[in-house]
Structure formats: structure tokens, C-alpha cells
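A quick write-up on the structure given underneath.
Chains as they are written, first to last, in our numbering: chain A, 1 to 342; chain B, 1 to 342; chain C, 1 to 342; chain D, 1 to 342.
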């Protein structure tokens with residue numbers, strides 16, 4: 001049984017952490033903070049948690065986070081980097097669901113996120129929390145940079161191809177589609193139902209913060225810089241990311257077997273049968289990533305379809321998976337969830 | 001550990017049973033039948049179940065259902081009534097998620113369902129599976145008539161008022177709204193996304209099959225016939241029923257306290273704080289019914305808001321709850337699910 | 001050809017006015033104001049208007065509204081009441097799409113809208129712009145209080161019954177469902193796609209600002225106070241209101257004929273054949289109200305189904321209809337639109 | 001004034017033709033056929049047309065189509081090819097909204113559509129009805145093959161690049177997303193709201209019938225075979241196609257200017273300002289195609305975003321545009337429609 005705290009619990013990654021941790025047999029949820037909603041019952045804001053979470057939001061200044069074994073930051077970018085040092089020095093392990101520790105290149109981070117990094121020294125120590133790449137490092141990590149949602153779906157789809165060195169690394173394309181919850185629980189006009197409903201659009205074509213994160217991850221796998229075009233789109237659904245990935249094959253390979261071998265021991269990556277078209281709803285509410293690999297018309301273009309629930313494998317679920325690994329619980333503890341279909 | 005079979009597993013109540021039973025610690029799912037899809041892997045039709053359900057659909061003639069302890073019928077109306085007798089005689093307990101055994105009045109049933117009843121003698125024995133009313137009878141039942149979705153939401157909202165005798169029984173109104181999954185997994189034009197999306201309509205105003213079921217249930221509680229106007233509506237969402245119920249108060253009563261007392265021992269009925277407006281998503285994927293009671297503007301009209309997930313408390317979840325009661329498992333075994341929000 | 005101005009053009013009623021006026025053959029759209037977005041091209045904010053509206057938003061202080069023949073206020077409540085007097089004194093006719101002039105009882109208005117009325121003397125002069133009731137007064141009106149969306153759908157459904165005196169005026173029920181655009185183009189969390197999508201809820205059961213407006217209108221028709229319970233709901237679609245209305249019949253009447261006679265000369269009220277269930281999408285984008293009247297199971301409860309597009313007949317379309325009447329254009333000028341289905 | 005008939009009017013392209021033709025000042029709609037629904041009033045099936053279309057569906061055998069000046073086929077594939085010859089010989093001009101005359105290579109057509117072509121001689125005569133390419137030929141055509149929805153969006157996006165010869169023709173990628181109405185008004189499970197709602201998936205990755213149509217069109221423009229990977233996706237909205245197109249630049253060019261020049265005289269192609277992200281709703285219900293062109297991060301990959309309403313520019317609207325050109329009406333007659341936003 002470990003003592004867990006959550007900083008910033010009123011967004012979608014926060015409530016999703018609560019959904020998962022509420023039934024975790026090894027977790028004692030001690031505290032959840034909110035600056036704006038301190039004093040409010042958690043289940044008043046999120047009635048789905050009635051009877052399951054008996055806590056009030058606590059002001060950050062009154063949250064005794066150093067008594068926790070682990071603290072999740074489900075905060076906007078720029079918060080965790082101010083508080084992680086003190087916690088880690090106090091022996092608390094930290095998982096940041098925001099982007100503060102994701103980019104090893106501080107200058108790049110500061111350019112994309114538009115602020116000065118408050119804690120560059122911890123960046124070097126932080127482990128990028130993609131278990132399918134960094135499982136061993138995660139076990140002993142004091143600080144986890146939990147991956148972004150797009151980066152998770154895109155990297156898991158490209159990794160087998162890059163590791164095997166079978167595609168041209170200079171011309172990768174990731175055409176990704178996200179549900180609206182990816183924009184967070186923020187009062188902004190473009191995310192209104194009447195704006196985002198019954199419509200589809202690309203955004204951030206000129207540049208999106210997840211681009212350098214994906215590039216860094218893929219370069220790590222490939223051992224070299226990669227050329228990547230990344231186009232995110234907003235699709236009128238609540239949860240889910242569908243990444244459609246394109247690469248140019250440079251030599252013959254049994255693609256189906258390549259993917260199946262790569263992920264045969266990963267509990268949360270499901271390589272579907274050849275010819276499959278994974279739907280985002282097939283992972284709704286669960287920590288699964290489902291992948292299918294195609295080579296249409298026998299051309300030299302490989303097409304990978306990769307779906308996740310952006311709030312689970314793309315955020316809170318992956319964070320819990322990381323926690324499970326860090327504390328030597330089974331990977332799927334509290335994550336043994338059947339996707340909600342329909 | 002009990003042996004369980006499902007007849008007719010390719011509809012929404014079937015796949016929902018699978019979702020719930022897949023993680024039930026006391027259930028060994030033996031067999032699932034489908035006439036049309038015999039030989040198909042279950043997880044090929046429903047990829048959400050990959051890794052969780054390792055079965056093929058079996059032709060009904062080849063399903064050795066008599067070896068089960070319990071069989072669920074997730075079939076269209078008119079199937080269970082043909083097969084229940086043989087199973088019960090063989091010592092198998094039966095839960096019918098369709099309507100075959102819901103109406104005690106055979107003539108009424110035959111009128112509303114447009115067929116001759118194949119097994120009227122079993123109707124008298126069948127227990128209407130609303131645990132909040134019939135918990136004791138369910139324990140020893142051989143045959144459960146699992147309630148309809150609308151009837152569950154409507155009855156749970158009216159029961160405290162009728163039991164207490166505080167409203168006029170002759171002028172009840174139930175204005176109910178259902179998500180599209182209530183129409184089942186059937187290839188019909190009105191249920192297409194392009195037809196039912198971004199639109200709202202009433203249907204069946206002249207008469208709906210759930211009307212006599214609700215009337216029978218409420219009459220049983222009230223001890224007398226009730227006058228009920230029931231108007232169902234189709235709303236552009238997948239899951240959920242919201243029943244808005246109207247009654248005329250005939251004497252003063254503390255409504256909030258009345259409801260809280262009535263359901264204080266029921267694990268799956270949540271009376272929300274005074275002034276609440278339950279959302280259907282607050283029960284998405286879970287077996288909860290959430291209820292709020294209002295008396296707007298201090299008039300003599302009481303307004304009850306009652307929400308359920310039509311596929312869970314309105315179908316498969318209630319069926320599992322009934323099974324749990326029948327076999328003396330804890331009510332919430334395999335039903336301890338946090339609603340999926342957002 | 002008349003000169004028209006719009007105050008506050010960045011909300012949904014504003015852009016809807018622009019959609020309708022852009023093709024109006026008698027309207028010269030002179031100016032559209034926005035405090036926050038002055039200097040922005042209208043078609044930059046609303047690309048649907050590219051090639052159709054060649055204007056910039058103008059700061060209110062620089063908009064020469066007194067040169068217009070007519071000014072629409074598509075502003076939040078409380079703005080028109082501050083500016084209408086000066087415009088009317090300058091000979092400009094005014095249509096307020098907000099609520100400032102809807103309630104004749106100033107005290108009631110101030111209670112429901114939470115502010116002091118800036119211009120009570122004009123309230124008495126204002127004509128409530130429901131053409132089906134006030135066509136003659138609208139013709140010569142200087143100031144129109146354009147009705148609310150719910151009040152339009154509810155009143156049009158009850159009017160024939162109340163005028164004919166065939167229902168109990170003390171026990172009316174209006175169970176109304178609205179699409180999300182009814183909440184306006186405002187950055188608020190409950191209207192986010194991820195909050196309002198795939199869910200259904202009631203709101204404002206204790207009291208909604210449209211309640212006194214509906215009561216006032218129905219009392220005017222009935223010649224007496226009415227008892228009304230009004231429960232609005234939020235439904236996951238963009239446009240559309242569906243009002244389900246309940247009344248107790250006090251004497252026999254041919255309901256179908258009553259409705260058909262009442263509206264036989266109204267171009268924008270369509271009484272559907274007996275037994276119909278109007279869908280909101282059957283009026284999507286158009287100024288039609290479609291109504292069906294039922295008497296389920298031969299009981300004494302009459303059920304009226306009334307649907308409108310909340311942004312058209314419930315707002316901008318009705319405003320244009322009022323303008324057409326005021327300036328002696330045909331009612332359907334620029335409103336001869338085929339609903340968008342599917 | 002021309003006499004017009006529609007064969008097969010009960011699908012989405014049929015009702016969309018009716019929406020557009022109902023207000024066309026030069027069209028006298030004479031007859032609309034339906035085998036299954038002969039005798040039914042059109043406005044009973046589509047209440048949105050009440051008061052606008054006063055016709056019954058007529059059995060094909062009783063429809064005197066030879067008296068028409070023009071006949072639209074809004075039928076499934078394989079019907080028009082059986083009837084076009086007789087009509088054309090009788091002097092009736094024909095626009096086929098299905099695929100019967102789209103592919104010049106008969107063998108390819110028969111492979112992709114799985115039937116023997118009934119009228120190969122007419123294929124050679126048929127004009128592919130993309131006005132932006134074939135305006136002159138359309139003027140005098142007797143038979144128009146109206147383009148598919150995906151092919152319209154994809155070709156309009158690639159044409160300027162291919163005509164200018166600035167991209168590698170061997171590595172084109174079209175990642176396209178369609179609303180559900182693209183599947184037609186057919187009773188099929190995958191198109192149900194409860195299946196297609198709140199989910200996203202690719203389909204037909206191995207091969208889609210629109211692939212050879214797009215390749216043929218692009219080859220015609222490029223003067224050479226092109227290498228194209230085409231991946232269609234289903235997105236949970238009713239109308240709209242968003243094509244995201246990728247090409248590798250082979251020489252420097254002012255992309256924005258290239259596109260603006262190419263389409264400066266086309267009334268239904270709108271090249272948006274540099275940096276734009278067109279939304280499908282910005283063309284909802286209208287015949288516009290909106291395009292934006294990007295070159296992200298200054299790389300050699302050009303990204304084109306192209307949106308249309310699949311039922312308008314992707315089907316019925318383009319058919320009406322073709323008719324307007326054929327009969328020398330202004331292109332935008334009856335197509336001067338403001339998109340419905342929100």
C-alpha cells in the first residue's frame with residue numbers, strides 16, 4: 001500500500017487518474033490539490049465518483065505532499081518543474097503528466113513552451129515514461145516524464161519499423177486525429193460542442209508541441225535524427241487518438257511478424273491481425289494501444305494504424321502503468337479494464 | 001464459481017454482458033451462441049474483448065446449455081419463451097433480458113408484442129428482476145424477467161412517491177429520453193448516425209411496449225392501477241436514459257428525505273443532494289441509477305430526474321446484479337465500476 | 001432596400017443573422033459591431049461567410065447606427081436597454097434578440113435577470129415579436145422584443161389549446177430539450193464538447209429565465225394566469241429545440257383540426273399529419289416550427305410535440321421575419337430555406 | 001425552364017438533389033422514381049421538404065423520363081449504365097451521380113465494382129464532371145459522370161501542384177476523412193449511431209473504389225501515371241470530407257500564389273489565406289471547396305488541406321453545377337447558399 005497525492009485534480013487527466021486509482025488495491029489516495037476549488041468535494045465536481053472518492057480538494061499550500069510515496073502532477077505545463085525538486089529531495093517519487101520534463105533539449109523546450117525552464121538539472125535525470133522503451137529505467141526512476149498523447153500513439157506505431165531499420169527515416173508522416181478531450185477541461189471557444197461538433201479540421205500544421213517530443217523519441221530509437229511531418233486533427237468525439245502513419249520501405253520485411261515480435265511481451269500493445277482497422281472505441285476507457293500494419297496495393301509505402309484512448313494510454317493510464325512498474329506492482333493492476341463498446 | 005451461458009451474444013446487451021462477465025471472479029463463461037455468426041471468434045466481432053474473451057460463437061443447436069448453472073437470454077423478444085422450460089426443467093436458472101416474461105397479463109403481452117406466448121405457465125413463476133423491489137424473490141428464482149431500460153429508470157423514480165402515497169396516481173407523466181443503443185444492434189435506417197445524429201425526436205407517443213410494463217410495476221407498488229402518460233424520445237448519444245417524471249403532490253412531505261430513506265440500503269441507487277441535475281454520463285458504463293427530486297417554484301408538482309446507463313442498469317448490469325443475488329455473491333461483484341467521465 | 005446594422009455580431013445569433021441577411025435582397029448590411037473584435041474581418045472569424053460578407057467588425061463607438069433604418073441587437077442581456085432609446089429617438093427601428101424588453105413586469109425582469117432595468121418606459125412600448133400572435137402590432141412597431149427560443153417553441157404549441165379553452169390552465173407541463181448552441185458562443189466549461197457530448201441532463205429545474213416569459217405569453221393568450229412547470233434539458237446536438245407539452249383536456253375537441261385551423265395562414269408553422277413525430281433536423285437551418293398533436297391511449301392528456309431551430313425561428317430567423325413584417329416585405333424573404341437533412 | 005427527372009430519390013444524394021432543385025428558378029422537377037417507395041409522398045419520407053416538393057415517388061416503369069430535358073441518376077452503382085443509352089438516344093441529357101461512367105478503363109471498372117459493364121461504348125463519350133478541369137466539355141456533354149466525393153476533395157487539392165509539376169508524382173499520399181453520410185442511406189450495422197458515434201477508424205486501406213478514380217484524374221492532369229497512397233477514414237459527423245494531402249516538393253515555388261492563381265476564376269474553390277486550417281463545417285450545406293496549403297517547418301513536404309461537403313460539392317451540388325453549365329445557367333444558380341455554421 002502506497003500513499004499517493006495528485007497535484008491539480010480538476011482537469012481531465014486528474015479525474016481520469018481518480019477513476020483509475022479509486023479501485024487500485026495498492027494505493028491509498030491521500031490528497032488531491034486544486035488552487036481554485038479548494039474546499040469543494042471531489043464528487044461534487046465529478047458526480048461519477050460519488051461513493052468512490054471521499055476527499056475534498058485541498059489548497060496546494062496545505063497539502064502535505066512530502067508525506068506521500070508518489071505524487072502525480074496533472075497540472076498545466078510549467079507547474080511540476082517548480083515543485084518537483086523539493087519533493088524528490090524529500091524522497092517522494094514524481095510522475096509529471098505535463099510536458100515539463102519531456103524534452104532533453106532545454107532550449108528546444110523553452111522555444112516550444114514559451115517559458116524559461118525552472119529546473120533544467122532535473123530534466124537530465126527524468127525518465128521518459130514509455131514502458132515499451134524504458135521499462136528498466138522506469139523501475140528505479142525518481143522522476144517520470146509521462147509521454148504526451150500523440151507521442152504515445154505515434155511512437156508505438158513507428159518503433160518496430162525504426163528499430164528494424166526498414167524504412168526511410170527522412171520522410172516519416174504522422175497524420176493524427178484526436179478527440180476533443182485532448183484539449184483539456186478548459187473554457188475555450190474552439191472546444192465548445194457547438195464549435196467542435198459535427199466538424200473536422202486540422203490544426204497546428206505549422207508546428208505542434210508534440211512534434212519535438214516525437215522526433216526526440218524516434219531519434220532515440222533510430223539512433224539518428226528523423227524527418228517527420230506531423231499533422232494533428234480535431235475530430236468530433238470525446239476520447240481517442242487515431243494515428244495514421246506513413247513510411248517508405250527500404251527493404252523487404254514481414255511487417256506483421258515484425259510488429260507481433262516487437263510487442264509480444266507488452267501487456268498494453270495489441271498487434272491486430274493482418275488487414276485490421278482498429279477503431280478508437282475498441283480502446284475506450286482502457287490502457288490498450290491497438291495497432292494494425294498495412295502495405296496497400298503492394299507498394300513500398302507502409303501504413304500503420306495506431307489507436308489509444310488519449311486520457312488513458314495517452315495520459316493517466318500510462319501514468320498508473322508507470323507507477324505500477326516503479327513500485328513493482330503488476331503492470332495491469334487497476335488497469336484490467338474492458339473497453340466500453342458501444 | 002458458476003458455469004454461465006449466453007444465448008444471443010451479438011447484440012448490445014450481449015456484448016455488455018461479456019464486458020461485465022469477463023472480469024467476474026465467480027463466473028466461468030462456458031458458451032455464447034449466435035445463429036448467424038457461429039464459428040466466428042467473439043473478439044473478432046468485438047475487438048474490445050481481445051485478450052479477455054477466448055470463445056467462438058456457437059450455433060444454438062450445438063450449445064450444451066443444460067450444463068450451465070445459469071443462462072442469460074440476450075435475444076430478441078420471443079426466443080426465451082421457447083427455450084426456458086427445457087432449461088429450467090434441467091435445473092438451469094434463467095435470466096431473460098428480453099420481454100418474454102415481463103408482463104403477467106398474457107393477453108396484454110400478446111397484444112403489445114404481436115405474437116402468441118409460447119410458455120404462459122412460466123410467466124406466473126417468473127420474478128421481475130428489479131432488485132430494489134424483489135430482492136427476496138430474486139434470491140430463489142429459477143426464472144428472472146430482467147426489466148426493460150425505460151421501466152427501470154421510470155419505476156425507480158416513482159417508487160418512493162407511490163409507496164408513500166403522496167402523489168395523485170391518476171396523472172403520472174414520464175418524459176423519457178434514450179440514447180441510440182436502446183434500439184439495439186440492428187441494421188435499420190432510423191438508427192443510422194446520419195439519421196439519428198444531431199437531431200432529437202419523440203417516438204411511440206401513441207403507445208410503446210414499455211408502457212404496460214411500467215404500469216404493471218407501478219400498480220404493484222401503489223396497490224392500484226395508475227394513470228400514466230409515457231413519451232419516449234431518441235437523443236443523439238450512444239448510452240444513457242434520462243427520465244423526467246412529473247406527479248401532483250397530494251400532501252406535504254420531505255421529498256429529499258423520503259427518497260434517501262427509501263434507497264439508503266440500495267448499492268445501485270444514488271439519491272443526489274437536493275437541487276442536483278444528474279447527467280447520464282455520470283453513470284456511463286456503470287450499474288448506478290442516480291436520482292434527484294425537485295419541487296420547482298414551490299408548486300404542487302414534483303419533478304424527479306432519474307438517469308441510468310440503458311445497457312447496464314437498464315439491461316446487462318441489472319442482469320448481473322440479479323445473478324449475484326441469485327447465487328449469493330455480493331451485489332456489486334464485477335459491477336464495481338467507475339463511470340467513464342468524460 | 002433598407003440599411004441595417006447589427007450590434008454584437010460575434011455570437012451565434014449574430015452569425016446567424018449574417019447568414020440570413022447576406023442573401024436578403026432588400027437589405028444593405030451597413031455595419032456590425034464588436035467591442036472585443038473591432039478591426040477583425042467578419043469572414044476571418046466566420047469563414048463560412050467568405051465571399052458573402054465583406055465587412056470588418058467595428059467598435060460600437062465608431063458605428064454610425066443612427067444612419068440605419070433598423071438595428072438588431074444580438075448582444076448579451078442588458079445592452080439593448082442602454083442604447084435603444086437614442087436609436088428610436090433618431091428614427092431607427094430596433095429588434096432586440098436579447099431579453100431586455102420581453103417582460104412587461106419590470107420587477108419580475110429585474111429579479112430574473114439580476115440587474116436594474118435601464119429603460120423601463122420603453123418596455124411598455126415594445127412589441128413581443130411572435131408574429132403568430134402580434135403580426136399587426138409588429139408592422140408598426142418601433143421596438144421589437146424578439147422572443148426567446150424555448151418560449152417560441154412552447155407558446156406555439158400551447159396557443160391553440162389555450163385560445164380554444166380546452167385544457168386545464170393550472171397544470172401545464174413543458175418538458176423542453178435544447179441543442180448546445182442555445183448556451184451561446186461563450187467560453188464555459190459545461191458547454192465543452194467533452195462535457196456536453198454523449199450525455200443528457202436537465203438544468204434550471206428550480207427556475208429558468210424563460211419561465212416568466214412563457215407564463216406571460218400564455219396568460220396573454222388564455223386571458224388568465226396559467227400554472228406551468230417548465231423543465232429545460234441539454235441534449236448533445238448543435239441546433240434544435242424539441243418541446244414536449246402536456247395538458248389535461250377539459251372537453252372534447254378535434255385536436256388535429258384545431259391546430260390546422262389556427263395556423264393555416266402562418267407560413268412558418270407547419271402542423272404535421274396526425275400521428276407524426278417531428279424531428280428537430282426537419283427544421284435545421286430553417287425558420288419553420290413543426291408541430292404534432294397527440295392524445296395517447298385516448299386518455300385526457302394531450303401531448304404536443306413542437307420543434308424549431310433555436311437559432312432561426314428561436315432567434316435570428318424570427319428577427320428577420322419580424323423585420324420583413326415591419327418593412328412590408330414578404331414574410332419569407334430570405335427565409336425560403338430548405339432545412340438541411342441529413 | 002427545363003424539365004428534370006431524378007431516378008432513385010430515396011438516398012442521401014437524392015434528397016440533397018431535391019433540396020437544391022426545389023428552389024432552382026430554372027428547373028421544373030417533373031418526376032422522381034423509387035422502386036421500393038412508389039406511391040409514397042416525397043415529403044412523407046423527408047419532412048424537411050414539406051411545402052416545397054409536391055410529388056410522389058413513381059415506379060421506374062411508370063416514369064416518363066424521356067419527356068425530361070435532363071435526368072439525374074442518384075442510384076446505386078450499376079443502374080445508370082442500363083438506362084442511359086435509351087435516354088440519350090431520346091435526346092435526354094444524363095448526369096450519373098454513381099460510378100458507372102467514371103473510369104475510362106472498363107477492365108479496371110469491372111474489377112473494382114465487381115460487375116460486367118452494361119454499356120462500355122458510352123463510357124468513352126461520358127465527360128467526367130469536375131468543372132474545374134472539364135468545364136468546356138461539360139457544356140456540350142450528353143452524359144456526365146459526376147465525380148465521387150473523395151475524388152473531388154483530393155483532386156482539387158493536388159491539381160495545382162501536378163499541373164505546375166512541382167511535386168514528385170510517385171509518392172502522393174491522401175489521408176481522407178469522411179462523415180457518415182458518405183456511406184449512404186443504407187441499413188448497415190457499421191453506420192449505426194451506436195457503432196460510428198464517438199469513434200474513429202480507417203477503412204479500405206488495402207483498396208477503395210475511389211483510388212482508381214483519383215489516379216485516373218491525377219494522371220490526366222499530370223500527363224503520367226501517379227503513385228498514390230489513399231487511406232479513407234470514417235469520422236463521427238454527418239457531412240463533410242477533410243482531405244489531408246502530402247507531396248514531396250521537387251522545386252521551389254510560391255505555393256500560396258500557385259493555388260490562388262489556379263482557382264481565381266472558379267466560383268466554388270476558395271483558396272484560404274496562408275496558414276489557414278479549413279473546417280468541414282465552413283462548407284456545410286454548400287458547394288464550396290475550401291483549400292489551404294502549408295509547408296510545415298520549411299521542409300520539402302507540402303501539406304494541402306481540402307474540405308468539401310460530401311453531399312454537395314461531393315455529389316448533388318456538383319451535379320447541379322454541372323447541370324447549370326450544361327444549360328448555360330450561371331454556375332451558382334440555386335447554389336448560392338451560405339454554409340450552416342454552427
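Note that beta-carbon positions come from the ideal geometry of N, C-alpha and C, so glycine has one too.
Query raised in the report: In whole angstroms, what is the alpha-carbon distance linking residue 3 of chain C and residue 122 of chain C?
Result: Stepping through the third chain from its first residue, residue 3 of chain C is reached at position 3. Stepping through the third chain from its first residue, residue 122 of chain C is reached at position 122. So the alpha carbons of these two residues sit roughly 23 Å apart.
Query raised in the report: What whole-angstrom Cβ distance do residue 154 of chain B and residue 214 of chain B have, given they're in contact under 8 Å?
Result: The sequence position of residue 154 of chain B within the second chain is 154, counting from 1. The sequence position of residue 214 of chain B within the second chain is 214, counting from 1. The Cβ separation is near 5 Å, so the contact holds.
Query - Integer-rounded CB distance, given that residue 302 of chain B should sit under 8 Å from residue 247 of chain B - result: Reading the second chain from its first residue, position 247 is the one you call residue 247 of chain B. Reading the second chain from its first residue, position 302 is the one you call residue 302 of chain B. At roughly 5 Å, the Cβ-Cβ gap stays under 8 Å, so residue 247 of chain B and residue 302 of chain B are in contact.
Query raised in the report: When you compare only the Cα positions, how much space is there between residue 49 of chain C and residue 95 of chain A?
Result: Here residue 49 of chain C corresponds to residue number 49 of the third chain, with the count starting at 1. Here residue 95 of chain A corresponds to residue number 95 of the first chain, with the count starting at 1. Going from the Cα of residue 49 of chain C to the Cα of residue 95 of chain A covers about 46 Å.
Query raised in the report: Quick one: what does DSSP say residue 149 of chain D is sitting in, helix, strand or coil?
Result: Position 149 of the fourth chain, counted from the start, is the residue given in the question as residue 149 of chain D. In the structure shown, residue 149 of chain D sits in a helix (DSSP, three-state: H, G or I).
Report task. Quick one: grab the DSSP three-state call for residue 73 of chain B. Result -> As a working note, residue 73 of chain B is residue 73 in the second chain. Of the three classes helix, strand and coil, the one that applies to residue 73 of chain B here is strand, per DSSP.
**Report entry** Proximity winner among A:149, A:166, A:238, relative to residue 176 of chain A (alpha-carbon distances)
**Finding:** If you number the first chain from 1, residue 176 of chain A lands on position 176. Nearest of A:149, A:166, A:238 to residue 176 of chain A, Cα basis: A:149.
Query raised in the report: Who are the neighbours of residue 279 of chain A on chain D, taking C-beta pairs under 8 Å?
Result: The residue you call residue 279 of chain A lines up with position 279 of the first chain. In chain order: 199, 200, 201.
Query raised in the report: Counting Cβ pairs closer than 8 Å, one from the segment 191-208 of chain B and one from the segment 257-264 of chain B, do we hit at least three?
Result: no
Query raised in the report: Do residue 243 of chain C and residue 174 of chain C have their C-beta atoms within less than 7 Å of each other?
Result: Position 243 of the third chain, counted from the first residue, corresponds to residue 243 of chain C. Position 174 of the third chain, counted from the first residue, corresponds to residue 174 of chain C. Contact flag set, yes.
Report task. Select from the segment 163-188 of chain B all residues with a C-beta closer than 7 Å to any C-beta belonging to chain D, and list them in chain order. Result -> 180, 181, 185, 187, 188
**Report entry** Which residues DSSP lists as bridging residue 244 of chain C, in chain order
**Finding:** Counted from its first residue, the third chain places residue 244 of chain C at position 244. According to DSSP, which records beta bridges pairwise, residue 244 of chain C is partnered with C:175, C:305.
Report task. Look up residue 143 of chain C in the DSSP assignment and say whether it is helix, strand or coil. Result -> Locating residue 143 of chain C in the third chain gives position 143, counting from the first residue. Of the three classes helix, strand and coil, the one that applies to residue 143 of chain C here is strand, per DSSP.
Query raised in the report: Assuming residue 195 of chain C contacts residue 342 of chain B under a Cβ cut-off of 8 Å, what Cβ separation, rounded to an integer in Å, is found between them?
Result: Taking the first residue of the third chain as position 1, residue 195 of chain C is located at position 195. Taking the first residue of the second chain as position 1, residue 342 of chain B is located at position 342. The Cβ separation is near 6 Å, so the contact holds.
Query raised in the report: Should residue 264 of chain A go down as buried or exposed, given a rule of 16 or more other Cβ atoms within 10 Å for buried?
Result: Position 264 of the first chain, counted from the first residue, corresponds to residue 264 of chain A. It is exposed - the Cβ of residue 264 of chain A has fewer than 16 other Cβ atoms within 10 Å.
Requested in this report: Could you confirm whether any beta carbon from chain C is found closer than 7 Å to the beta carbon of residue 57 of chain A?
Outcome: Mapped onto the first chain, residue 57 of chain A falls at position 57. With 7 Å as the cut-off, residue 57 of chain A does not count as an interface residue toward chain C.
Query raised in the report: Looking only at DSSP bridge pairs, what is residue 232 of chain B linked to?
Result: As a position in the second chain, residue 232 of chain B is number 232, starting the count at 1. For residue 232 of chain B, which the question treats as bridged, DSSP gives the partners B:176.
Report task. Counting only the same chain and skipping the five closest in sequence on each side, list residues whose C-beta sits under 6 Å from that of residue 225 of chain D. Result -> The residue you call residue 225 of chain D lines up with position 225 of the fourth chain. So the qualifying residues of the chain are 219.
Query raised in the report: How about residue 296 of chain B and residue 304 of chain C: are their beta carbons less than 7 Å apart?
Result: Numbered from its first residue, the second chain carries residue 296 of chain B at position 296. Numbered from its first residue, the third chain carries residue 304 of chain C at position 304. In this structure, residue 304 of chain C does not lie closer than 7 Å to residue 296 of chain B by Cβ.
Report task. Tell me whether residue 182 of chain C is buried or exposed, calling it buried when 16 or more other Cβ atoms sit within 10 Å of its Cβ. Result -> Position 182 of the third chain, counting from 1, holds the residue named residue 182 of chain C. Residue 182 of chain C is buried by the Cβ-count criterion.
Query raised in the report: At a Cβ threshold of 7 Å, is residue 192 of chain D touching chain F?
Result: In the structure shown, chain F does not exist; the protein chains are A, B, C and D.
Query raised in the report: Counting contacts by CB-CB distance shorter than 7 Å, is residue 301 of chain C in contact with chain B?
Result: Sequence index remark: in the third chain, residue 301 of chain C carries index 301 (1-based). True, the Cβ-Cβ gap to chain B drops below 7 Å.
Query raised in the report: Considering only residues of the same chain and omitting the five flanking positions on each side of residue 100 of chain A, which have a CB-CB separation below 7 Å?
Result: By 1-based counting over the first chain, the position of residue 100 of chain A is 100. 77, 78, 80, 81, listed in sequence order.
**Report entry** Check whether residue 8 of chain D and residue 75 of chain D have beta carbons under 7 Å apart
**Finding:** Sequence index remark: in the fourth chain, residue 8 of chain D carries index 8 (1-based). Sequence index remark: in the fourth chain, residue 75 of chain D carries index 75 (1-based). Contact flag set, yes.
Query raised in the report: When the cut-off is 7 Å and only beta carbons count, does residue 5 of chain D lie next to chain C?
Result: Looking up residue 5 of chain D in the fourth chain gives position 5. Not closer than 7 Å to any Cβ of chain C, the Cβ of residue 5 of chain D fails to qualify, so no.
Requested in this report: Step through the CB atoms of chain D and report whether any lies within less than 7 Å of the CB of residue 237 of chain A.
Outcome: Here residue 237 of chain A is taken as the residue at index 237 of the first chain, counted from 1. Yes, because at least one Cβ of chain D sits closer than 7 Å to the Cβ of residue 237 of chain A.
Query - Proximity below 7 Å, CB of residue 314 of chain A to CB of residue 237 of chain A - result: Counted from its first residue, the first chain places residue 314 of chain A at position 314. Counted from its first residue, the first chain places residue 237 of chain A at position 237. Not a contact, by the Cβ cut-off of 7 Å.
**Report entry** Where the beta strand (DSSP E) containing residue 33 of chain A begins and where it ends
**Finding:** Within the first chain, numbered from 1, the residue matching residue 33 of chain A stands at position 33. Unbroken beta strand (DSSP E) run through residue 33 of chain A: 27-33.
**Report entry** N-terminal and C-terminal residue of the alpha helix (DSSP H) that residue 319 of chain D is part of
**Finding:** Within the fourth chain, the letter at position 319 stands for residue 319 of chain D. Note, residue 319 of chain D: alpha helix (DSSP H), 317-326.
Query raised in the report: Considering only C-alpha positions, which residue in the set B:316, B:271, B:330 is nearest to residue 15 of chain B?
Result: Indexing the second chain from 1 puts residue 15 of chain B at position 15. Here the closest residue by C-alpha is B:316.
Query raised in the report: Where does the unbroken beta strand (DSSP E) through residue 292 of chain A begin, and where does it stop?
Result: As a working note, residue 292 of chain A is residue 292 in the first chain. Residue 292 of chain A -> beta strand (DSSP E) spans 289-294.
Query - Closest Cα partner of residue 253 of chain B within the set B:124, B:83, B:85, B:166 - result: The sequence position of residue 253 of chain B within the second chain is 253, counting from 1. Of the candidates B:124, B:83, B:85, B:166, the one whose C-alpha sits nearest the C-alpha of residue 253 of chain B is B:166.
**Report entry** Of the residues D:131, D:192, D:251, the one placed nearest residue 330 of chain D, counting alpha carbons only
**Finding:** Counted from its first residue, the fourth chain places residue 330 of chain D at position 330. Minimum Cα distance to residue 330 of chain D is reached at D:131.
Query - Contact set for residue 11 of chain D: own chain, Cβ-Cβ below 7 Å, skip 5 residues either direction - result: In the fourth chain, counting from the first residue as 1, residue 11 of chain D sits at position 11. Excluding sequence neighbours, residue 11 of chain D sits near 74, 184, 185.
Query raised in the report: Between which two residues does the alpha helix (DSSP H) containing residue 95 of chain B stretch?
Result: Here residue 95 of chain B refers to the residue found at position 95 when the second chain is read from its first residue. Element bounds for residue 95 of chain B: not the alpha helix (DSSP H) but the beta strand (DSSP E), 93-96.
Query raised in the report: Tell me, which residues are paired with residue 5 of chain C by DSSP?
Result: For the purposes of this step, residue 5 of chain C is taken as residue 5 along the third chain, with counting starting at 1. In the DSSP output, where bridge partners are listed per residue, residue 5 of chain C has C:31, C:71.
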